[in-house]
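>
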Amino acid sequence: QLTTRPGSVSTPLEVDAGPGVVLHNQATILQMLPDQLLQDVLRLLERFLVLRTQILTIEDDRHRRVR
Numbered sequence: 060q061l062t063t064r065p066g067s068v069s070t071p072l073e074v075d076a077g078p079g080v081v082l083h084n085q086a087t088i089l090q091m092l093p094d095q096l097l098q099d100v101l102r103l104l105e106r107f108l109v110l111r112t113q114i115l116t117i118e119d120d121r122h123r124r125v126r
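In the numbering used here, the protein residues as written are 60 to 126.
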């Protein structure tokens, strides 16, 4: 069972043979990406994590106020 991303010819993203294999394949794909694209992806991921942290903090505050 191979999952390919749309537009790719035959780049398996996941091979159903345990978590280690999937991670290895995703790491390989990341290595194949151009540097600029990789920078963009990392920047987006960073922003997402920051936003997620802020949201969780807001929810925590809200819960504390309710109690």
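Glycine included, each C-beta is placed from N, C-alpha and C at the ideal position.
Cβ atoms of Leu110 and Leu97: under 8 Å apart, would you say?
Not closer than 8 Å, so no.
> What three-state label does DSSP hand Leu92 in the structure shown?
Leu92 falls in the coil class under three-state DSSP.
> In whole angstroms, what separates the C-alpha of Glu73 from that of Thr87?
Only weak support exists for where Glu73 lies, its pLDDT of 48 falling under 50; the value from the coordinates is given anyway. Taking the straight line from one Cα to the other gives about 11 Å.
> Gln60 to His122, Cα distance in whole Å?
Confidence at Gln60 is low in this model, with a pLDDT of 46, below 50, so the placement of that residue is unreliable and no value is reported for it.
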